[in-house]
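Novice:
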Amino acid sequence: MLELISLEYMTMIGMTMVLLFLDSRFSKWRTIPIVCSAIVLVMTTVAVLYWYTSFETVLQLYSLVAHIPSLALFLVFSRFRGWRLVFQILSSILFCTLIHHGAGLVYYLSGGRFWTLIVSYVVLTAAVIWFLIRFLRPLLRQALLELRRGWSLMCLMMGAYYVLVIYLIPGYVGITRSSTILKPAVSLLMVGFYSILTFLFSSVRKEADARHSAQISVLQLSALQSRMEAVRAAENTIRTERHDLRYRLQTVAELVARGDRETALDFLDAAQQRLDDHKAIQWCRPPVLDAVFASYFDQARRQGIRVDAKLSLPDTLPVNEGELAIALANALENAIHANLKLPQDQRELRCKLVARPGIMLELANPCNGDVVFGPDGLPVARREGHGLGCQSISAFCRKHGAVCQFTLTDGWFRLRLIL
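First residue of the sequence shown? That's 0 in numbering that gives the first Met the number 0, and the numbers climb one at a time after it.
1. Per DSSP, which residues does Asp-307 bridge with? Please list them.
2. Under 7 Å, do Gly-303 and Arg-346 count as touching if we go by C-beta distance?
3. Residues in its own chain within less than 7 Å of Thr-408 by CB, not counting five upstream and five downstream?
4. Just checking my contact of Ala-468 with Phe-412 at CB under 8 Å: how many whole Å lie between their CB atoms?
5. For a test of the three-state rule: what should DSSP assign to Thr-408, helix, strand or coil?
6. With which residues is Phe-372 paired in a DSSP beta bridge?
7. What does a CB cutoff of less than 6 Å around Ile-358 pick up in its chain, not counting 5 residues either side in sequence?
8. Straight-line CA distance for Cys-95 to Met-9?
9. Taking 7 Å as the threshold (C-beta atoms), are Val-105 and Ser-90 in contact?
10. Here's a check: name, in chain order, each residue in its chain whose Cβ is nearer than 6 Å to the Cβ of Glu-383, leaving out the five neighbours to either side.
11. Is the Cβ-Cβ distance between Leu-288 and Leu-362 less than 7 Å?
12. For the region 200-212 against the region 129-142, are there 3 or more C-beta pairs whose distance is under 8 Å?
13. Can you grab the Cα-Cα spacing for the pair Thr-30 / Phe-73, in whole Å?
14. Starting from Leu-419, trace the beta strand (DSSP E) both ways and give me its first and last residue.
15. According to DSSP, is Leu-312 helix, strand or coil?
16. Output the distance between the C-alpha atoms of His-385 and Asn-364, rounded to the nearest integer angstrom.
17. Comparing C-alpha positions only, which one of Trp-150, Leu-152, Leu-181 sits nearest to Val-164?
18. Does DSSP put Arg-419 in a helix, a strand or coil?
19. Would DSSP call Ser-178 helix, strand or coil?
20. Assign Ser-194 to buried or exposed, taking buried as 16 or more other Cβ atoms, counted over all protein chains shown, within 10 Å of its Cβ.
21. For Leu-40 and Met-11, what's the separation of their Cα atoms in angstroms?
22. Please tell me whether Trp-150 and Arg-80 are closer than 7 Å, where the distance is taken between their beta carbons.
23. Excluding five sequence neighbours on each side, which residues of the same chain lie with their C-beta closer than 8 Å to the C-beta of Asp-22?
24. Give me the Cα-Cα distance between Asn-333 and Val-306, rounded to the nearest whole angstrom.
25. Looking at the structure shown, is Val-122 part of a helix, part of a strand, or coil, going by DSSP?
26. Determine which residues share a DSSP beta bridge with Cys-403 and list them.
27. Which residue wins for smallest C-alpha separation from Glu-322, given the options Met-14, Arg-136, Tyr-161, Ser-391?
28. Does the beta-carbon of Ala-162 have 16 or more other beta-carbons within 10 angstroms, so that it is buried, or is it exposed?
29. How big is the Cα-Cα spacing for Cys-366 and Thr-56?
30. Excluding the 5 residues preceding and the 5 following Tyr-61 in the sequence, name in chain order all residues of the same chain whose CB lies nearer than 8 Å to its CB.
31. Would you kindly work out how many angstroms separate the C-alpha atoms of Ile-98 and Thr-15, rounded to a whole number?
32. Which partner residues does Ser-23 have in the DSSP bridge list?
33. Since Asp-289 is in the alpha helix (DSSP H), which residue starts that stretch and which ends it?
34. Tell me whether Gly-321 sits in a helix, a strand or coil according to DSSP, three-state version.
35. Starting from the Cα of Gln-59, find the closest Cα among His-100, Gly-170, Phe-20 and give me that residue.
Here is the structure:
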């Protein structure tokens with residue numbers, strides 16, 4: 000009976016770790032109930048096999064009963080495929096096995112006291128889950144996005160560990176003396192191996208953070224330079240108009256003296272229009288965002304795209320201004336590129352941004368083609384290398400708890416973002 004309790008507990012914890020490692024394509028309200036149902040089904044299957052066969056039979060079939068369903072869950076829900084998918088499965092199995100081996104060793108050394116097994120399970124489970132949530136899961140998700148090579152080698156090492164402790168070393172930790180010594184020793188070696196991987200993942204994350212910071216700095220510098228050039232051009236225009244002001248006043252005075260007031264007013268209106276055309280528009284108060292909007296709206300107008308923008312933002316933002324600027328820059332760039340595929344008389348860009356009760360953005364552009372959306376709600380790129388802008392926006396939303404929605408209705412493609 001002790002074997003069944005341990006096995007059922009490990010099944011529950013192991014498949015829960017699958018959920019912790021999972022970066023699901025679907026919402027948590029859809030993912031969690033299905034995973035919990037799968038856990039109950041697998042635990043029931045293990046219990047039935049135990050009662051109608053033997054414990055040794057359950058161990059021999061355990062991979063088929065528990066690990067294959069876990070792999071199926073990843074295939075259905077995970078954003079990742081290939082060796083990265085296998086690595087996530089093997090990682091959940093590894094940490095589940097570490098809990099079992101540690102608790103079994105304590106149980107054996109205590110002389111078979113049942114309460115020591117329970118306490119060990121609780122303490123080790125809490126420690127491992129805390130480590131996964133607090134440290135490993137953020138590092139691993141970043142590494143899954145950044146690393147393109149090396150996953151097969153890591154899976155080879157962890158697969159060898161899997162075969163060794165489950166099939167090649169007989170016995171059950173905590174019951175058989177040889178397995179109680181050998182299996183925890185092998186697991187200890189795997190702890191060292193995974194520590195090296197954790198250091199690698201940490202380096203990948205630091206490199207990604209540095210690259211992201213550099214990207215923000217480049218965007219800020221580029222946007223501010225563009226804004227400065229616009230302000231400098233407006234200043235030059237004003238300086239020229241000021242230089243010509245006395246000649247204009249003389250012309251107006253002569254027209255008034257002749258009684259030709261209509262022509263004088265038209266002359267003044269034309270001068271005012273020239274000043275307004277070169278006036279630098281402030282779209283919002285945050286300087287980097289203002290520069291981004293100014294840069295992309297000017298680019299859109301130069302491409303013959305009509306811009307209808309209504310923006311309202313406070314001085315203080317709930318997120319880093321540079322990160323929000325990158326997300327908006329990706330959205331604006333995608334909208335401009337989509338417009339360039341249309342005839343010039345159909346090109347239009349609509350942007351609404353408000354700050355109350357929260358930051359809400361709606362960016363819309365006409366679209367004359369069909370857009371395919373994936374299970375995660377993101378547009379599916381038709382060509383390699385495309386779709387990175389939408390992925391960047393989605394990553395920003397996941398990081399800051401924002402909600403983004405991509406839709407295509409009545410020939411208009413819309414992005415709605417709520418922060």
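C-beta: ideal position from N, C-alpha, C; glycine also.
Because the structure is a prediction, the values reported are computed rather than measured.
Specialist: In short, the structure shows the following:
1. Indexing the sequence shown from 1 puts residue 307 at position 308. According to DSSP, Asp-307 bridges with Arg-349.
2. Within the sequence shown, residue 303 is the residue found at index 304, counting from 1. Within the sequence shown, residue 346 is the residue found at index 347, counting from 1. Yes.
3. The sequence position of residue 408 within the sequence shown is 409, counting from 1. Within the same chain, Thr-408 has no close Cβ partners at all.
4. In the structure displayed, the chain extends from 0 to 418; residue 468 sits before or after that span and is not available.
5. Translated into positions along the sequence shown, residue 408 becomes position 409. DSSP places Thr-408 in strand when its eight states are reduced to three.
6. What you label residue 372 is simply residue 373 of the sequence shown in a count that begins at 1. Answer by DSSP bridge pairing, in chain order: Pro-378.
7. As a first step, residue 358 must be located in the sequence shown, where it is residue number 359. Result list for Ile-358: Leu-418, in chain order.
8. By 1-based counting over the sequence shown, the position of residue 95 is 96. By 1-based counting over the sequence shown, the position of residue 9 is 10. Rounded to whole angstroms, Cys-95 to Met-9 spans 7 Å at the Cα level.
9. If you number the sequence shown from 1, residue 90 lands on position 91. If you number the sequence shown from 1, residue 105 lands on position 106. It is not a contact, given that the beta carbons lie outside the stated cut-off.
10. The count along the sequence shown starts at 1 and reaches residue 383 at position 384. Its pLDDT being 44, under 50, Glu-383 is placed unreliably by the model, and the measurement read from it follows with that caveat. Contacts found: none.
11. For this step, residue 288 is matched to residue 289 along the sequence shown. For this step, residue 362 is matched to residue 363 along the sequence shown. Cβ distance not < 7 Å, so Leu-288 and Leu-362 don't count as in contact.
12. yes
13. Within the sequence shown, residue 30 is the residue found at index 31, counting from 1. Within the sequence shown, residue 73 is the residue found at index 74, counting from 1. Distance between the alpha carbons of Thr-30 and Phe-73: 11 Å.
14. Because the chain is modelled from 0 through 418, residue 419 falls outside the range shown and cannot be assessed.
15. Residue mapping note: residue 312 aligns to position 313 of the sequence shown, counting from 1. Coil, per DSSP.
16. Locating residue 385 in the sequence shown gives position 386, counting from the first residue. Locating residue 364 in the sequence shown gives position 365, counting from the first residue. Only weak support is given to the placement of His-385: the predicted model assigns it a pLDDT of 48, under 50, and the question is left unresolved by the model.
17. Here residue 164 refers to the residue found at position 165 of the sequence shown. Considering only alpha carbons, the answer is Leu-181.
18. No statement about residue 419 is possible, as the shown extent of the chain runs from 0 to 418 and does not include it.
19. On the sequence shown, position 179 is the one that residue 178 refers to. Here Ser-178 sits in helix by DSSP.
20. On the sequence shown, position 195 is the one that residue 194 refers to. The residue is exposed, with fewer than 16 neighbouring Cβ atoms inside 10 Å.
21. Here residue 40 refers to the residue found at position 41 when the sequence shown is read from its first residue. Here residue 11 refers to the residue found at position 12 when the sequence shown is read from its first residue. Approximately 10 Å, taken between the alpha carbons.
22. Reading the sequence shown from its first residue, position 151 is the one you call residue 150. Reading the sequence shown from its first residue, position 81 is the one you call residue 80. No, the Cβ-Cβ distance between Trp-150 and Arg-80 is not below 7 Å.
23. As a working note, residue 22 is residue 23 in the sequence shown. Contacts found: Ser-77, Arg-78, Phe-79, Arg-140, Leu-143.
24. Against the sequence shown, residue 333 aligns to sequence position 334. Against the sequence shown, residue 306 aligns to sequence position 307. C-alpha separation (whole angstroms): 14 Å.
25. Within the sequence shown, residue 122 is the residue found at index 123, counting from 1. If DSSP states are grouped into helix, strand and coil, Val-122 belongs with the helices.
26. What you label residue 403 is simply residue 404 of the sequence shown in a count that begins at 1. Bridge partners of Cys-403: Leu-416.
27. By one-based count along the sequence shown, residue 322 stands at place 323. It is Ser-391 whose Cα lies nearest to the Cα of Glu-322.
28. For the purposes of this step, residue 162 is taken as residue 163 along the sequence shown, with counting starting at 1. Per the sequence shown, the amino acid found at residue 162 is Val instead of Ala. Exposed.
29. Within the sequence shown, the letter at position 367 stands for residue 366. Within the sequence shown, the letter at position 57 stands for residue 56. Roughly 59 Å separates the two Cα atoms.
30. Your numbering for residue 61 matches position 62 in the sequence shown. For Tyr-61, where only same-chain residues beyond five positions count, the Cβ hits under 8 Å are Leu-6, Val-45, Ile-165.
31. Here residue 98 is taken as the residue at index 99 of the sequence shown, counted from 1. Here residue 15 is taken as the residue at index 16 of the sequence shown, counted from 1. Approximately 13 Å between the Cα atoms of the pair.
32. Taking the first residue of the sequence shown as 1, we reach residue 23 at position 24. BP columns for Ser-23 point to Ser-77.
33. Within the sequence shown, the letter at position 290 stands for residue 289. Residues 286-301.
34. Counting from 1 along the sequence shown, the entry for residue 321 is found at position 322. Residue state, collapsed to three classes: helix.
35. For this step, residue 59 is matched to residue 60 along the sequence shown. Checked all of His-100, Gly-170, Phe-20; the closest Cα to Gln-59 is Gly-170.
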